[in-house]
Ligand SMILES: [Fe+2]
Ligand SMILES: [Fe+2]
């Protein structure tokens, strides 16, 4: 015999129903729950509550039986919390991984519902969060800018180029983030933080352009045609490969180059901080594709074809904005009587980008000659 549940003065319609539900969940087979209390409306409220919950109600004895079924009947577990399963159901929807999902959840259309999982992902996400920085305090915006106007023009042109590349780098993960089945929580979160990183890069490069009252420089058709192939790429693995492994990998070298040669502290700082973020984006792209390549033996072949067709599609375009190239030469030279040194530095930069791409391609599993060939086919726009 279950002892009566005493609600005291608690009203059923002001939270008292939680006590009733808890007591009902503890009822043994065939037992009934007697409810007592001082609220004059208790019987009325218990009657309508019992009807809504399907619990047998007897007003004469003020007692309830257990409801015949609960909402959890027919609920399924959305996998286990620790790590994703290979093929999560569309009807798990937005549920927390490992949660119980009531029957009848509408099927969502998450196109990316079979992603590889590696132990790197939680670690990369934690690293990304702990490395967030605030542009307002991380950059010394009041540091003096004393170089001449033409060097400033070069800085502004390079920053304008960076802004449009960063914009592409934001739009690509943003699009895929909305297509990832939330069961692959870490991938979704990493893409979201990557978007936040790129938003910050757009901000700091834009602020650097305006530091001495300038407007942005030239945006070329060739540069945008190259970026459009990234923005339009519908396949997640292809886009990760071209954006993160090849493009952001090349950008790492570019940002470090500007950090080294930049004529003022703000220019150097914004590029140094952005480079640290880009290194994580490259690491995520590599981790994802290495895992994907392990389970799909034809992946490398498909990625190589994608590089070739992008190269063919861009063959008629001019490649890197000439103004950007010239601006990098002047930026690295620092003065008009050192142009040869600036030129040499930019040539070395391109070699370093090529070297980095080949290293990453080798790590993904391409043989040396194929890595060299694919690196040479990478867009001349760098990203
Ligand atoms: Fe970026
Ligand atoms: Fe990035």
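Numbering (this note's numbering), first residue to last: 79 to 461.
All C-beta atoms, glycine included, are put in the ideal place defined by N, C-alpha and C.
Here the structure is a predicted model, which is why all the values come from computation and not from measurement.
Handout entry: Where residue 295 falls, given that 16 or more other Cβ within 10 Å makes a residue buried
Key = For the purposes of this step, residue 295 is taken as the residue at position 217 of the chain shown. So residue 295 counts as buried.
Exercise for the section: Determine, using beta carbons only, whether residue 331 and residue 430 come nearer to each other than 8 Å. Expected result: As a first step, residue 331 is located in the chain shown; it is residue number 253 there, counting from the start. As a first step, residue 430 is located in the chain shown; it is residue number 352 there, counting from the start. Yes, the Cβ-Cβ distance between residue 331 and residue 430 is below 8 Å.
Problem - Near ligand 2: residue 101 beta-carbon under 7 Å from a heavy atom - result: Taking the first residue of the chain shown as position 1, residue 101 is located at position 23. No, the beta carbon of residue 101 sits no closer than 7 Å to any heavy atom of ligand 2.
Practice task
Check whether the Cβ atoms of residue 233 and residue 409 lie closer than 8 Å to each other.
Solution key: Here residue 233 refers to the residue found at position 155 when the chain shown is read from its first residue. Here residue 409 refers to the residue found at position 331 when the chain shown is read from its first residue. The answer is yes: Cβ separation under 8 Å.
Problem - Neighbourhood of residue 315 by C-beta distance below 6 Å, restricted to the same chain and skipping five residues each side - result: As a working mapping, residue 315 is identified with position 237 in the chain shown. Result list for residue 315: 370, in chain order.
Exercise for the section: Can you have a look at residue 401 and say buried or exposed, based on whether 16 or more other CB atoms are within 10 angstroms of its CB? Expected result: Taking the first residue of the chain shown as 1, we reach residue 401 at position 323. A buried status is given to residue 401, since no fewer than 16 other beta-carbon atoms sit within 10 Å of its beta-carbon.
Exercise for the section: Return yes when at least one heavy atom of ligand 1 lies under 7 Å from the C-beta of residue 337, else no. Expected result: For the purposes of this step, residue 337 is identified with residue 259 of the chain shown, where counting begins at 1. No - ligand 1 has no heavy atom lying nearer than 7 Å to the Cβ of residue 337.
Problem - Residue from 264, 411 and 323 with nearest C-alpha to residue 378 - result: Within the chain shown, numbered from 1, the residue matching residue 378 stands at position 300. Comparing Cα positions, the closest option is 323.
Exercise for the section: State yes or no: is the C-beta of residue 247 nearer than 7 Å to some heavy atom of ligand 1? Expected result: Within the chain shown, the letter at position 169 stands for residue 247. Residue 247 Cβ: within cutoff of ligand 1.
Handout entry: Environment of residue 359 [buried if 16+ CB atoms lie within 10 Å]
Key = One-based indexing of the chain shown puts residue 359 at position 281. Buried, by the Cβ-count rule.
Handout entry: Rounded straight-line distance, which links the Cα of residue 459 to that of residue 201
Key = Translated into positions along the chain shown, residue 201 becomes position 123. Translated into positions along the chain shown, residue 459 becomes position 381. Their Cα atoms are separated by approximately 32 Å.
Problem - residue 389: CB within 7 Å of a non-hydrogen atom of ligand 1 - result: The residue you call residue 389 lines up with position 311 of the chain shown. For ligand 1, not one heavy atom lies less than 7 Å from the Cβ of residue 389.
Practice task
Please work out which residues of its chain come closer than 7 Å, Cβ to Cβ, to residue 348, disregarding the five sequence neighbours upstream and downstream, and give them in chain order.
Solution key: Translated into positions along the chain shown, residue 348 becomes position 270. The answer, listed in chain order, is 217, 282, 283 and 286.
Problem - Sequence-distant residues of the same chain with beta carbon closer than 6 Å to residue 326, five excluded per side - result: For the purposes of this step, residue 326 is taken as the residue at position 248 of the chain shown. Excluding positions up to five away in sequence, the list reads 356, 359 and 360.
Exercise for the section: With a threshold of 7 Å, establish whether the CB of residue 366 neighbours any heavy atom of ligand 2. Expected result: Taking the chain shown and counting its residues from 1, one reaches residue 366 at position 288. No; taking the cut-off as 7 Å, the Cβ of residue 366 has no heavy atom of ligand 2 nearer than that.
Practice task
Put residue 136 into one of helix, strand or coil per three-state DSSP.
Solution key: One-based indexing of the chain shown puts residue 136 at position 58. Three-state DSSP puts residue 136 in a strand.
Practice task
For the alpha helix (DSSP H) containing residue 199, list its first residue and its last residue.
Solution key: One-based indexing of the chain shown puts residue 199 at position 121. Taken as a continuous stretch (DSSP letters only), the alpha helix (DSSP H) holding residue 199 covers 198 to 208.
Practice task
Compute the Euclidean distance between the alpha carbons of residue 388 and residue 454, then round it to the nearest angstrom.
Solution key: To locate residue 388, count along the chain shown from 1; it is residue 310. To locate residue 454, count along the chain shown from 1; it is residue 376. Rounded to the nearest angstrom, the two C-alpha atoms are 12 Å apart.
Problem - Nearest-angstrom Cα separation, counted from residue 125 out to residue 133 - result: Position 55 of the chain shown, counting from 1, holds the residue named residue 133. Position 47 of the chain shown, counting from 1, holds the residue named residue 125. About 9 Å.
Practice task
Examine the Cβ distances between the stretch 266 to 280 and the stretch 165 to 178 and report whether three or more of them are shorter than 8 Å.
Solution key: With a cut-off of 8 Å, the stretch 165 to 178 and the stretch 266 to 280 do not count as touching, because too few Cβ pairs lie within range.
Practice task
Tell me whether residue 144 sits in a helix, a strand or coil according to DSSP, three-state version.
Solution key: On the chain shown, residue 144 is found 66 positions in, with the first residue counted as 1. In the structure shown, residue 144 sits in coil (DSSP, three-state: anything other than H, G, I, E or B).
Handout entry: 3-residue-minimum beta strand (DSSP E) runs that sit fully inside the stretch 293 to 321, ordered along the chain
Key = none
Handout entry: Distance CB(residue 441)-CB(residue 364) smaller than 8 Å
Key = Sequence index remark: in the chain shown, residue 441 carries index 363 (1-based). Sequence index remark: in the chain shown, residue 364 carries index 286 (1-based). Cβ atoms of residue 441 and residue 364: closer than 8 Å.
Problem - 7 Å CB neighbourhood of residue 343 in its chain, flanking five on each side removed - result: Taking the first residue of the chain shown as position 1, residue 343 is located at position 265. Contacts found: 218 and 221.
Practice task
Determine the DSSP secondary structure at residue 113, reduced to helix, strand or coil.
Solution key: To locate residue 113, count along the chain shown from 1; it is residue 35. The answer is strand: DSSP assigns residue 113 an E or B state.
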